[in-house]
Every structure is written in C-alpha cells, then in structure tokens.
Amino acid sequence: MSWAAHQFEIYAVQAHLPKKMRGRVSFFGIFFGDFTPDFLAKFWVYGITINGTHYGASVPHKWHRGFPGMGFTHTLFFGFVCAALIWLWKRNRAFTVGYLLGFAAHALTDVNDSVGTMLLFPVTWLSWSVETWAYAATIDGGKYLDAASYYSSLGLVMDLFWLVVVLCSWRVLTREYWRTNVVPADARAWAWLGRWIPERGLVALYQATFFYGVCRLVSWTTWAHVVAEPVIDGVKRRGYPFDLSWTGPWWLEARTLPHVNPWIVLPVTLVLLAFVYWLAIRWWERMGAIEESTRVRRRSRTGTD
Amino acid sequence: MSTTVTIEGPDGRPLDHRGSRRLSTAEQWTWTLLAAVTYTVLSIWHKWLLNWIVGPVWLVGWVVIGPFVADQIVRRFRR
Numbered sequence: 001m002s003w004a005a006h007q008f009e010i011y012a013v014q015a016h017l018p019k020k021m022r023g024r025v026s027f028f029g030i031f032f033g034d035f036t037p038d039f040l041a042k043f044w045v046y047g048i049t050i051n052g053t054h055y056g057a058s059v060p061h062k063w064h065r066g067f068p069g070m071g072f073t074h075t076l077f078f079g080f081v082c083a084a085l086i087w088l089w090k091r092n093r094a095f096t097v098g099y100l101l102g103f104a105a106h107a108l109t110d111v112n113d114s115v116g117t118m119l120l121f122p123v124t125w126l127s128w129s130v131e132t133w134a135y136a137a138t139i140d141g142g143k144y145l146d147a148a149s150y151y152s153s154l155g156l157v158m159d160l161f162w163l164v165v166v167l168c169s170w171r172v173l174t175r176e177y178w179r180t181n182v183v184p185a186d187a188r189a190w191a192w193l194g195r196w197i198p199e200r201g202l203v204a205l206y207q208a209t210f211f212y213g214v215c216r217l218v219s220w221t222t223w224a225h226v227v228a229e230p231v232i233d234g235v236k237r238r239g240y241p242f243d244l245s246w247t248g249p250w251w252l253e254a255r256t257l258p259h260v261n262p263w264i265v266l267p268v269t270l271v272l273l274a275f276v277y278w279l280a281i282r283w284w285e286r287m288g289a290i291e292e293s294t295r296v297r298r299r300s301r302t303g304t305d
Numbered sequence: 306m307s308t309t310v311t312i313e314g315p316d317g318r319p320l321d322h323r324g325s326r327r328l329s330t331a332e333q334w335t336w337t338l339l340a341a342v343t344y345t346v347l348s349i350w351h352k353w354l355l356n357w358i359v360g361p362v363w364l365v366g367w368v369v370i371g372p373f374v375a376d377q378i379v380r381r382f383r384r
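So the protein sequences, as listed, match chains L and G. Position 143, counted from 1, in the first sequence is what the numbering used here calls 143; the numbers after and before it change by one each time, with no gaps. Count along the second sequence from 1, add 305, and you get the number used in the numbering used here.
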C-alpha cells in the first residue's frame, strides 16, 4: 500500500487538470475519490484488539486487495460505478469528475506494492503489481510493521516522488490558488464552512491533507529508523534497516496474490490513466449541458430564479 | 478571475468575511510550520495522533487560534 503518496497525489491531480477543467473541478471530489478505497477497505486490514482478542481480516492482504474480499474497492470499475451513482444523484459535474480522477489516482498508485490492485476487475480477478516494494500489512505486525517496512523500502521514495511533484507545482498550495481555483468549483461547500471558520482556517483546511502527508511521512520514517528497536533474525537493532532494492525490504516476506506479468503493468496502468482523463475530457461538455438543463428544470419546478 | 473585496479593521489590517484578521503569506506559513513541527514531534511517540481527524484539526486549530492568542497578547502588552 502507499502511505503519504495518497495525500500528495490529490494536489498533483488538482495542479495538473486539463486546461478546460482548471478552476472547475471539485477539490472535495478529488479528495473523497482518493479517500474512498482505503476508507472502505483498510480498517479491517489492521483490525482491532479488545481484551487480547483480535478482530479483523484473517488474511489482511487478500481482504484489502483480493476478491472475494474488499479488493473491488481498489478497482477502476468500482470508481466508475461510484462516480456514476454520484452523477445520477447530484448531477454535479465538478464533484463527479473530481471524484473519478481522485479514485483513479488511488487505484493506479497502489499497483506499486507487491499485492497490487485488480485493474481489470470484473473481467479478471488477477492482481496487477509492479512489485516495487513489499506489501506488509499482517495480523501480528499491524500498522507499525507495515509503516516500518514501507518507510524502509522504495515506498519512501514513492512518497518523496509525489512530494516533489507537488512542490514543483507549489502554487497549488497557496491562498491565491485556493481563492481563484478551488473555491469557485465548490463555492457552496466553502461558503457553508465559512459560516464557522475564518478564511485563514479555510485555507488551512485546504492545505490540511498535504500537511498530514508531510507530517506522517517524517514521523513514521523517524520512528522506524531512530526510535524503534526491532529484533530481526534474532538480532536486536536500533531502527529498521533501509533496503531500497526492488520488492524490498529483505527482512520481511512480501505478500502477493495471483497476478499478471509485472512487466506489462506499468504500460497498462499509464494507458488506463490516459483513458480515464480522455473520458473525463470527452464527457466534460456533455455533462455540463446536462447539469445546466437539470438546474433549469429544478428552477422552473420550484419557481426560483 | 475572482475579485476580492478587502475590508480593513480599525488598525488598518485586512479582515476576512467574518471580521477575522487576514494573515500575510509569511504569517500563514509560520503558523503552519509551527503546527507541523509540534504535530510531527509529538506523533513520533504518540502514534494515535496520526489520523485523518487529528491532523487537519491540529493544523486548523493552530492557524485559527494561534494568531488570535498572539494578537490578544500583543494588545495587552501595548496597553
């Protein structure tokens, strides 16, 4: 799984929207789209322990990404279904398109760990994985071992990569950008929040996901390499060892599911990403026309201007 | 393009739609940095702090309450 990468990628999506969508795609849509897969699947991966009894998935990686299990929540198919339902319910182009792009970013980023995601679900249940780092969520290790493994492997590089992508588009984090590009696309939501929170708080709320990503990246990395005292192969160490080799770290068994050849995963992922953007661009005008006609119909029904 | 109407307080400083003081960019980043340092350092030893609720609330809290408290202190010293 990816950690802070998911927090950074929403700003990357926001900063690199197609030209005609700039200032018109909902940031909340991107956020909730990116948030949905793990919100639905991750809690039970680690589970909870009450009075010594563990409640959670018996095979965490299978529950998280496989099928049967909650792996369908990390598929583009599910993203399209959710986006379609949102569209049918609200007829809100800004939120629907944002949701789809955020969801796609999450599902496609997660192909990097050793378990991957079922990219072509429901056509095939096979996982698509580049195996860049080891998937490490286990019942015994829980969140701590998962974090230690991720921040000792190329997962850390992945987080830093997304951080650099966002920092290269640093304007996306500024108050001016928020005011001119983010607020207009979600005017009602920000106005509602603005009834209780001053402007500086609203800007902070917009930046909060980036803030959270940076803090958890630094915090978990420091904990894993400075504070933790693991016993690996019977030897007590100060901090988990770094291993930036492919499918690392060496000190943990990478979990996998039946998967396709890793060499075809990256090209297919890029094609699917391009396909999602192509669809969003193609549907953009048509969705706008439908949204407008729905608005006119609702106004005439309620008799308001 | 959006237009921004700037309202000024009695001390000539810009106010937002709720009458709260608008922070300069440097001030906004300073408070954000303070929030980040405190949150990161504490969360190294208290991992329960690292979640989707506490993180955003921590930042918004620092940026909203911090300048308010600082303004109160400055005002009291000026008197």
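C-beta: ideal position from N, C-alpha, C; glycine also. Only a predicted model underlies this, so the values are computations on that prediction, with no experimental measurement involved.
{"Item": "Taking C-beta to C-beta, are Gly284 of chain L and Val97 of chain L nearer than 8 Å?", "Value": "Inspection of the sequence shows that residue 284 of chain L is occupied by Trp rather than by Gly. In contact: Trp284 of chain L and Val97 of chain L (Cβ atoms closer than 8 Å)."}
{"Item": "Quick one: what's got a C-beta closer than 7 Å to Met306 of chain G's C-beta in the same chain, skipping five residues either side?", "Value": "With a pLDDT of only 45 at Met306 of chain G, under the threshold of 50, the placement of this residue in the model should not be trusted; the figure read from the coordinates follows. For Met306 of chain G, where only same-chain residues beyond five positions count, there are no Cβ hits under 7 Å."}
{"Item": "Report yes or no: is there a C-beta of chain L within less than 8 Å of the C-beta of Val368 of chain G?", "Value": "yes"}
{"Item": "Starting from the beta carbon of Cys215 of chain L, find every residue of chain B whose beta carbon is closer than 7 Å, and list them in chain order.", "Value": "Annotation note: the requested chain B is absent from the structure, which comprises protein chains L and G."}
{"Item": "Is there at least one Cβ from chain G nearer than 8 Å to Ile197 of chain L's Cβ?", "Value": "yes"}
{"Item": "Give the C-beta separation of Trp125 of chain L and Val260 of chain L to the nearest angstrom, bearing in mind that I take them to be a contact with Cβ-Cβ under 8 Å.", "Value": "Rounded, the Cβ-Cβ distance is 11 Å, inconsistent with contact."}
{"Item": "Given this structure, state the Cα-to-Cα distance separating Ile281 of chain L from Ile30 of chain L, to the nearest angstrom.", "Value": "15 Å"}
{"Item": "Pull up the DSSP beta-bridge partners for Leu252 of chain L, would you.", "Value": "In the DSSP output, where bridge partners are listed per residue, Leu252 of chain L has none listed."}
{"Item": "Are the region 319-336 of chain G and the region 195-206 of chain L touching, with three or more C-beta to C-beta distances below 8 Å?", "Value": "yes"}
{"Item": "Check the Cβ of Leu355 of chain G against every Cβ in chain L and list those closer than 7 Å, keeping chain order.", "Value": "Arg216 and Ser219"}
{"Item": "Scan the region 200-215 of chain L for residues whose Cβ lies nearer than 8 Å to a Cβ of chain G and list them as they occur along the chain.", "Value": "Arg200, Gly201, Val203, Ala204, Leu205, Gln207, Ala208, Thr209, Phe211, Tyr212, Val214 and Cys215"}
{"Item": "Just the Cα atoms here: how many angstroms apart are Lys42 of chain L and His64 of chain L?", "Value": "6 Å"}
{"Item": "Buried or exposed for Arg237 of chain L, going by 16 or more other Cβ atoms inside 10 Å?", "Value": "exposed"}
{"Item": "Using DSSP's beta-bridge definition, name the partner residues of Leu320 of chain G.", "Value": "G:Ile312 and G:Arg326"}
{"Item": "Give a yes or no on whether the C-beta atoms belonging to Gln7 of chain L and Tyr151 of chain L are separated by under 8 Å.", "Value": "no"}
{"Item": "Using a Cβ cut-off of 7 Å, pull out every chain G residue sitting near Trp89 of chain L, in sequence order please.", "Value": "Going along chain G, no residue has its Cβ under 7 Å from Trp89 of chain L, so there is no contact; the nearest lies around 24 Å."}
{"Item": "How far does the alpha helix (DSSP H) with His61 of chain L in it extend, from its first residue to its last?", "Value": "Pro60 to Arg65"}
{"Item": "Run the CB neighbour count on His74 of chain L, radius 10 Å, all protein chains shown included, and call it buried at 16 or more, exposed below.", "Value": "buried"}
{"Item": "Could you tell me the distance, in whole angstroms, from the CA atom of Asp243 of chain L to the CA atom of Ala134 of chain L?", "Value": "11 Å"}
{"Item": "Got a sec: which bits of the region 314-326 of chain G sit with their beta carbon under 7 Å from any beta carbon on chain L, in order along the chain?", "Value": "Asp321, His322, Arg323 and Ser325"}
{"Item": "Measure from the C-beta of Leu328 of chain G to each C-beta in chain L and report whether the shortest distance is under 8 Å.", "Value": "yes"}
{"Item": "Just to check my reading of the structure: Leu106 of chain L and Asp186 of chain L have Cβ atoms closer than 8 Å, yes? What is that Cβ distance to the nearest angstrom?", "Value": "Reading off the sequence shown, one finds His at residue 106 of chain L, where the question assumed Leu. So it is not a contact: roughly 20 Å between Cβ atoms."}
{"Item": "Residues in the same chain with beta-carbon distance under 6 Å from Tyr344 of chain G, minus the five sequence neighbours each way, listed in chain order, please.", "Value": "Trp363"}
{"Item": "Can you give me, in chain order, the residues of the region 131-162 of chain L that have a beta carbon less than 7 Å from any beta carbon in chain G?", "Value": "none"}
{"Item": "In whole angstroms, what is the alpha-carbon distance linking Ser330 of chain L and Ala148 of chain L?", "Value": "No answer is possible for residue 330 of chain L: the residues shown for chain L start at 1 and end at 305."}
{"Item": "Should Glu9 of chain L be flagged as near chain G, meaning a C-beta pair shorter than 8 Å?", "Value": "no"}
{"Item": "Look at Leu355 of chain G and Ser169 of chain L and say whether their C-beta atoms are less than 8 Å apart.", "Value": "no"}
{"Item": "Just checking, does the region 107-126 of chain L make contact with the region 248-259 of chain L on the three C-beta pairs under 8 Å criterion?", "Value": "yes"}
{"Item": "What is the rounded straight-line gap between the Cα of Leu163 of chain L and the Cα of Leu338 of chain G?", "Value": "16 Å"}
{"Item": "If you run the structure through DSSP and keep just helix, strand and coil, what is Lys42 of chain L?", "Value": "coil"}
{"Item": "Give a yes or no on whether the minimum CB-CB distance between Thr335 of chain G and chain L is below 8 Å.", "Value": "no"}
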